[in-house]
Amino acid sequence: MAKTHVTMTVNGEPAEGLVEPRTLLVHFLRETLALTGTHIGCETSHCGACTVDFNGQSVKSCTMFAVQAEGAQVLTIEGIADPDGTLHALQEGFREMHGLQCGFCTPGMIVRAYRLLQENPNPTDDEIRMGISGNLCRCTGYQNIVAAIQFAAARLNAPAQQEQAA
Amino acid sequence: MIPASFAYHRPSSLSDAIALLEGLGLESRPVAGGHSLIPMMKLRLAVPQALIDLAGIAELRGIRREGGSIVIGATTTMADLIASVDLAAAVPIIREAALSIADPQVRARGTIGGNVANGDPGNDMPAVMQCMDASYLLAGSAGPREIAARAFYQGAYLTSLRPGEVVTGIRLPLPPAGHGWAYEKLKRKVGDYATAAAGVVLAMQGGRVSKMAIGLTNVGDTPLFAEDAGAILTGSTLDAATVDRAVAAAENITAPASDGRGPAEYRTKMAGVMLRRALARAALRAAAQ
């Protein structure tokens, strides 16, 4: 089958490649771009390990073709930390609150939580649980994942609150 | 989990999409969000030779008023539906049903057109569309036509869509002001299809039901419009004896499969329970207006 040339922006950088139309977005990210932080879990759009940010929404990159991402803005776990290596508040939160054990679900959890906190900067625990209901963790039972996301929400909201106080 | 090879087309107009579907014939499929089709392709249960991606056709996405109805473009996503303030005010059952579907990532991609056109008895929107007496806007090489949601479903994955035709949108008549509504869905977990679900849209006048429509999800080969149950309740005060008779009538038209969600008898009873809950909640909302 003829290959198609795709171009998109991944983590702020232009990215391109020749793909078969049947190439899944997650395979393009992992195999063509060597961005292996995005994981392949169930491959059936249930587990959320492959979650990436796509034009400002969380999507499961195992259930999209790379050709459907032509021209898109894609953010993966590799683009979450600052370019100088400073961890994002979510990454700090997962570390500080023990939000992972094996770590397999963590990239998807963090990328999903990144969007969730933009949609809802002050979520309740219940809102976090519903917000990450498309991401499965088989180790921790979610308690510490929720705590990690709350840690990040508090950290991200702190400057704004200080400004209000001042 | 890699689909068979296919050719990919991304037309920018509806007429180009229809011409492609016509030219490529039965081996081609339109794709919007792809959250029904792509999983089937990965399992090789669907092996289209060509995909016609509708995502590049701007006119197919969005929610607009048209006279006394609301028209929703086929590629409008579940997330778009949930976010629409206008839709939540005018036809709130759509938002409630959309929120019961899968998870945020899936709702960001899954579209209303795909949900209603696929003919999967597990999809939630068809029964809601039957409740609302919506009609589907179709387009094909023979021109556009419109068909009632209540007449569209023939069997599992079998609809009145003709070869080469696509669903371009949905026309929703505006429900009467002060109507009551509810979509009740029993599922084992987020992301599961319904064990059973029921949608209710009703209106009350002087303490009696003046309008009643009931749809059932995933308890038959098609969504079920429970016409007899609705007729039993019309004119009633929703008293317990009449509700019992209506629930029995609704249970009577179900024919669910026995599967991982439970034996058929259980799923039929759960359809009745979902209907009772939906009736109670819809009545409260109607009274509260």
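Protein sequences appear in the order of chains A and B.
Position one of the first sequence corresponds to residue 1 (my numbering), numbered consecutively onward.
Position one of the second sequence corresponds to residue 1001 (my numbering), numbered consecutively onward.
Note that CB positions come from ideal geometry on N, CA and C, so glycine has one too.
- Nearest Cα to G1143/B within the set A1019/B, S1005/B and R1010/B: A1019/B.
- When the beta-carbon positions are compared, R1267/B and T1195/B come within less than 8 Å of each other.
- The C-beta of P1030/B comes no closer than 8 Å to any C-beta of chain A.
- Beta-bridge partners assigned by DSSP to R1065/B: I1070/B.
- With a threshold of 16 other beta carbon atoms within 10 Å, R1061/B meets it and is buried.
- At a beta-carbon threshold of 8 Å, none of the residues of chain A lie near M1040/B; the nearest stands roughly 11 Å away.
- Contact with chain B is found for V67/A, since one of that chain's Cβ atoms lies less than 8 Å from the residue's Cβ.
- Nearest C-alpha to A1148/B among T1168/B, I1094/B and Y1136/B: Y1136/B.
- Identification of residues in the segment 123 to 141 of chain A having a C-beta nearer than 7 Å to some C-beta of chain B yields G131, S133 and G134, given in sequence order.
- Look at G1143/B: its C-beta is not under 8 Å from any C-beta on chain A.
- The continuous beta strand (DSSP E) containing P1030/B extends over residues S1028 to V1031.
- Taking a contact as a CB-CB distance under 8 Å, the pair C50/A and G108/A counts as one, their CB atoms being some 6 Å apart.
- Contact with chain A is absent for Y1153/B, since none of that chain's Cβ atoms lies less than 8 Å from the residue's Cβ.
- If you draw a straight line from the Cα of W1181/B to the Cα of T38/A, it is about 41 Å long.
- Q57/A carries a strand assignment under DSSP once its states are collapsed to helix, strand and coil.
- Close CB contacts of D1133/B within its chain, under the 8 Å cut and outside five residues either way in sequence, are with A1148, A1149, R1150, P1173 and A1213 (chain order).
- Within its own chain, the residues whose Cβ lies closer than 7 Å to the Cβ of L1238/B, once the five positions on either side in sequence are excluded, are V1209, L1279 and A1283, listed in chain order.
- For the C-beta of R22/A, the chain B residues within less than 9 Å are, from N- to C-terminus, I1002, P1003, A1004, S1005, F1006, Y1008 and M1041.
- One thing to note: S58/A has its Cβ within 8 Å of the Cβ of A1108/B.
- For Y114/A, no beta strand (DSSP E) run applies; the uninterrupted alpha helix (DSSP H) run containing it begins and ends at T106 to E119, by DSSP.
- Counting C-beta pairs closer than 8 Å gives three or more between the segment 1050 to 1070 of chain B and the segment 1015 to 1032 of chain B, which meets the contact rule.
- Secondary structure at G1155/B: strand, using DSSP grouped into helix, strand and coil.
- In this structure, the straight-line span from the alpha carbon of G99/A to that of S133/A is close to 16 Å.
- At a Cβ-Cβ threshold of 8 Å, Y1183/B and A1203/B do not count as neighbours.
- With respect to A1098/B, L1081/B sits close: the two C-beta atoms are nearer than 8 Å.
- Note on L1037/B: 16 or more other CB atoms within 10 angstroms of its CB, so buried under the neighbour-count rule.
- Classified as exposed, S1012/B has fewer than 16 neighbouring CB atoms from the shown chains inside 10 Å of its CB.
- When only Cα atoms are considered, V52/A and T1159/B end up about 34 Å apart.
- Cβ atoms of P21/A and F1006/B come within 8 Å of each other, at about 6 Å.
- Shown here, P1144/B sits in a strand according to DSSP, grouped into three states.
- For E43/A, the neighbours in chain B by C-beta distance under 8 Å run, in chain order, M1001 and K1042.
- Scanning its chain for C-beta atoms nearer than 8 Å, with the 5 sequence neighbours on each side dropped, one finds around L90/A the residues I80, I110, A113, Y114, L117, A148, I149 and A152, in chain order.
- By the criterion of a C-beta distance shorter than 6 Å, P1003/B is surrounded in its chain by M1041 and K1042, once the five residues flanking it on both sides are discounted.
- Contact between the segment 1162 to 1179 of chain B and the segment 1246 to 1253 of chain B is absent: fewer than 3 CB-CB pairs across the two stretches fall below 8 Å.
- Considering only Q1105/B, G1025/B, R1044/B and E1165/B, the residue with the shortest C-alpha distance to V1190/B is Q1105/B.
- In the three-state reduction of the DSSP assignment, D1228/B falls in the helix class.
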